[in-house]
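Asks: Protein sequence lines correspond, in order, to chains A and B. Quick note on numbering: the first sequence equals residues 1 to 254 in my numbering. Quick note on numbering: the second sequence equals residues 1001 to 1254 in my numbering.
There are 2 protein chains.
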Amino acid sequence: MSGALTVVGLGPGDPRYLTSDADDALRGAEAVYGYKAYLDRVPIHSMQDHYPSDNREEGARAAAAIEHAVRGANVAVVSGGDPGVFAMAAAVCEAIDRGPDAWRKLDVAFVPGITAMLAVSAKIGAPLGHDFCALSLSDNLKPWALIERRLDAAASAGFVIALYNPVSRARPWQFGEAMARLRRHLPPSTPVVFGRAVGRAEETVSVVTLEDAESSPADMATLVIVGSRETRVIARSGRPPLVYTPRAAAEVSA
Amino acid sequence: MSGALTVVGLGPGDPRYLTSDADDALRGAEAVYGYKAYLDRVPIHSMQDHYPSDNREEGARAAAAIEHAVRGANVAVVSGGDPGVFAMAAAVCEAIDRGPDAWRKLDVAFVPGITAMLAVSAKIGAPLGHDFCALSLSDNLKPWALIERRLDAAASAGFVIALYNPVSRARPWQFGEAMARLRRHLPPSTPVVFGRAVGRAEETVSVVTLEDAESSPADMATLVIVGSRETRVIARSGRPPLVYTPRAAAEVSA
Chain A
1 MSGALTVVGL GPGDPRYLTS DADDALRGAE AVYGYKAYLD RVPIHSMQDH YPSDNREEGA
61 RAAAAIEHAV RGANVAVVSG GDPGVFAMAA AVCEAIDRGP DAWRKLDVAF VPGITAMLAV
121 SAKIGAPLGH DFCALSLSDN LKPWALIERR LDAAASAGFV IALYNPVSRA RPWQFGEAMA
181 RLRRHLPPST PVVFGRAVGR AEETVSVVTL EDAESSPADM ATLVIVGSRE TRVIARSGRP
241 PLVYTPRAAA EVSA
Chain B
1001 MSGALTVVGL GPGDPRYLTS DADDALRGAE AVYGYKAYLD RVPIHSMQDH YPSDNREEGA
1061 RAAAAIEHAV RGANVAVVSG GDPGVFAMAA AVCEAIDRGP DAWRKLDVAF VPGITAMLAV
1121 SAKIGAPLGH DFCALSLSDN LKPWALIERR LDAAASAGFV IALYNPVSRA RPWQFGEAMA
1181 RLRRHLPPST PVVFGRAVGR AEETVSVVTL EDAESSPADM ATLVIVGSRE TRVIARSGRP
1241 PLVYTPRAAA EVSA
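Rendered as structure tokens:
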């Protein structure tokens, strides 16, 4: 008897963003593991059990799902967005890397999904239309000094920056610090896009300037895109603005 | 009479990666514009016309699609992958920004898709599991010196790097130069993932080291992911290796 583990990206929330590959993987699973807010989005199919866990328990969840699959079941682990971007795919790989040899023999697959920065970008135009970085602002798993170094490197080299996990209750000051750091490299007028709960009923998308960014409300459901010097805003009467970064770029001044 | 323009991401190729939102947008369009290789993936629905164009004609294609929609039609423009990542969404925004005022009144929407780096990542594990950059190696629209500067910034700050458009017939030497540049910052053993035509019948995925990367075959259908110092390879007997970047990172040495 040989089980299998599939790590499935749910996209940003609304089922219309689900790929048919992800839908098939969820229907075929005997057991589904995930953070409980994500599991709530997955309908329970016949003969299927759901195993919710808390947000911070990614390592334990990965290990439990692998164990379950190794015992012979067809198991799915769900992630919001894409499982490979600040989500469960790395947690599953870490568990396999550290786990017993038997875990390396398991049939493991990953099903991609629409990650938050792509969903937010699509709501507002094409802010990621040129070279860009994706950076988690959480300093739970890396030192703040490293985050600052990466903000410096990305902004000074002209990358647009997508910020995941900008704020949480346990990390109240980091977002403001990050915005201040970016103002060392970028003009106060640089466009900053806030996308909150994109793809869900309570979705909001707004555009501010870097100067005003830290006073905008952000939380763990928010994805922030900080433009480069090239990013432009197209005002439209009676419609929301479009924000985009042109495909062409000139040399960035030092 | 008022038309609409929707820029639709097809994902990496296989229809199983298409979201239902993208499928709906394609079914509802009266006219579909796109690079002919992407248009070939879209079934022609009833009462629908297809307008194929060449790879290099993004600006002209965007303008033609906008004009068509402004005349009152429901028009779709297709992109491979995600339209917001080195694709048609920025070309459409550029055209609107430069075009007549009437174009700003058009109803424009963007439907995200699975971009190549997410598809390649999912095939091999979680190489993008920590902070990463997406960088086009094409110097058609930006100077090579800027690309080198961005490679330096990204690699030295510890970002994983996803390289789009690594090689074309008109750009034979750039990929080798980029790999040589990255070896200034990263050990020769750094894992490098080549994903070619992922999501299509002829799909190949391979893992080499940075030392050997430039002799690996790459073309415009290839997406290359260069790991960071933290990226790890899990060897598995009888199965392909898993490549992942751990969620946690220590300070990068200067």
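Ideal Cβ placement from N, Cα and C applies to all residues, glycine included. Here the structure is a predicted model, which is why all the values come from computation and not from measurement.
Return the CA-CA distance between A134 of chain A and R61 of chain A, expressed in angstroms with no decimal places.
Replies: 25 angstroms
Asks: In three-state terms, what does DSSP make of P1127 of chain B?
Replies: coil
Asks: Does A248 of chain A pass the burial test, meaning 16 or more other C-beta atoms within 10 Å, or should it be called exposed?
Replies: exposed
Asks: Whose Cβ in chain B lies nearer than 8 angstroms to the Cβ of S206 of chain A?
Replies: Per Cβ cutoff of 8 angstroms: no residues; S206 of chain A is ~17 angstroms from chain B at best.
Asks: Would you mind listing the alpha helix (DSSP H) stretches within the segment 27 to 97 of chain A that are 4+ residues and don't spill past its ends, in chain order?
Replies: 36 to 39, 58 to 70
Asks: Is there at least one Cβ from chain A nearer than 8 angstroms to L1038 of chain B's Cβ?
Replies: Leu is not the amino acid found at residue 1038 of chain B; the sequence shown has Tyr there. Chain A contact via Cβ: absent.
Asks: Leaving out five residues before and five after R71 of chain A in sequence, what residues of the same chain have Cβ atoms less than 7 angstroms from its Cβ?
Replies: G3
Asks: My assumption, with CB atoms under 8 angstroms, is that T1245 of chain B sits in contact with P1127 of chain B. Please give the rounded CB distance.
Replies: 6 angstroms
Asks: I'd like the list of long-range same chain contacts for V1111 of chain B, defined as Cβ closer than 8 angstroms, with 5 residues on each side in sequence excluded.
Replies: Once the five neighbours on either side are set aside, the close Cβ partners of V1111 of chain B are T1006, V1007, V1008, G1009, T1019, D1021, A1022, A1025, P1083.
Asks: By the 10 Å Cβ neighbour count, where 16 or more other Cβ atoms means buried, how is S1189 of chain B classified, buried or exposed?
Replies: exposed
Asks: Would you mind stating whether I1114 of chain B and V1193 of chain B have Cβ atoms separated by less than 8 angstroms?
Replies: no
Asks: Using the rule of at least 16 other Cβ atoms within 10 Å of the residue's Cβ for burial, across every protein chain shown, is R1239 of chain B buried or exposed?
Replies: exposed
Asks: Taking only beta carbons into account, state which residues of the segment 1228 to 1239 of chain B come closer than 9 angstroms to chain A, listed in chain order.
Replies: R1232, I1234, A1235, R1236, S1237, G1238, R1239
Asks: Assign S1287 of chain B to one of three DSSP states: helix, strand, or coil.
Replies: This structure leaves residue 1287 of chain B out entirely; chain B is present only between 1001 and 1254.
Asks: Label D1212 of chain B either buried or exposed according to how many other C-beta atoms from any shown protein chain fall within 10 Å of its C-beta, with 16 as the threshold for buried.
Replies: Around the beta carbon of D1212 of chain B, fewer than 16 other beta carbons sit within 10 angstroms, so the residue counts as exposed.
Asks: To the nearest angstrom, how far is the alpha carbon of G1158 of chain B from that of D1131 of chain B?
Replies: Taking the straight line from one Cα to the other gives about 8 angstroms.
Asks: Quick one: what does DSSP say D219 of chain A is sitting in, helix, strand or coil?
Replies: coil
Asks: Looking at chain B, which residues of the segment 131 to 147 of chain A have a Cβ within less than 8 angstroms of any of its Cβ atoms?
Replies: For the segment 131 to 147 of chain A, residues whose beta-carbon sits nearer than 8 angstroms to a beta-carbon of chain B comprise D131, F132, C133, A134, L135, S136, L141, K142, P143, A145, L146.
Asks: Check whether the segment 150 to 164 of chain A touches the segment 44 to 59 of chain A, counting contact only when three or more Cβ pairs, one atom from each stretch, lie closer than 8 angstroms.
Replies: no
Asks: Are any of the Cβ atoms in chain A nearer than 8 angstroms to that of Y1244 of chain B?
Replies: At least one chain A Cβ lies under 8 angstroms of Y1244 of chain B.
Asks: Would L118 of chain A count as contacting chain B if we go by Cβ distances under 8 angstroms?
Replies: yes
Asks: Which residue from B:E1202, B:L1186, B:D1219 puts its Cα closest to that of G1227 of chain B?
Replies: B:L1186
Asks: Buried or exposed: which applies to D54 of chain A, given that a residue is buried once 16 or more other Cβ atoms fall within 10 Å of its Cβ?
Replies: exposed
Asks: Go ahead and label D14 of chain A buried or exposed: buried means 16 or more other beta carbons lie within 10 angstroms of its beta carbon, across all protein chains shown.
Replies: buried
Asks: Candidates A:P12, A:R41, A:A250, A:R27: which alpha carbon is nearest R1149 of chain B's?
Replies: For the options A:P12, A:R41, A:A250, A:R27, the alpha carbon positioned closest to that of R1149 of chain B is the one of A:A250.
Asks: Can you check whether the C-beta of G1013 of chain B is within less than 8 angstroms of a C-beta belonging to chain A?
Replies: no
Asks: Excluding the 5 residues preceding and the 5 following Q174 of chain A in the sequence, name in chain order all residues of the same chain whose CB lies nearer than 6 angstroms to its CB.
Replies: L137
Asks: What are the start and end residues of the alpha helix (DSSP H) that includes R1181 of chain B?
Replies: Residues 1174 to 1183.
Asks: Going by beta carbon distance, what residues of the same chain come within less than 6 angstroms of P52 of chain A, once the five residues before and after it are set aside?
Replies: Sequence-distant Cβ neighbours of P52 of chain A in its own chain, meaning closer than 6 angstroms and more than five residues away, are K36, L39.
Asks: Just to confirm before moving on: does the CB-CB distance between V233 of chain A and V224 of chain A stay below 8 angstroms?
Replies: no
Asks: Taking Cβ positions only, does S216 of chain A come closer than 8 angstroms to chain B?
Replies: With 8 angstroms as the cut-off, S216 of chain A does not count as an interface residue toward chain B.
Asks: Chain B partners of T255 of chain A, CB-CB under 7 angstroms?
Replies: For residue 255 of chain A there is no data in the structure shown, the boundaries of chain A being 1 and 254.
Asks: For a quick check, are the C-beta atoms of L1108 of chain B and V1092 of chain B less than 8 angstroms apart?
Replies: Here residue 1108 of chain B turns out to be Val, not Leu, going by the sequence shown. Judged by their CB atoms, V1108 of chain B and V1092 of chain B are nearer to each other than the 8 angstroms cut-off.
Asks: Short of 6 angstroms in beta carbon distance, which residues of its chain neighbour G1080 of chain B, apart from the five on each side in sequence? Order them along the chain.
Replies: L1010, Y1038
Asks: Is the shortest distance between the beta-carbon of Y17 of chain A and the beta-carbons of chain B less than 8 angstroms?
Replies: yes
Asks: Put D1107 of chain B into one of helix, strand or coil per three-state DSSP.
Replies: strand
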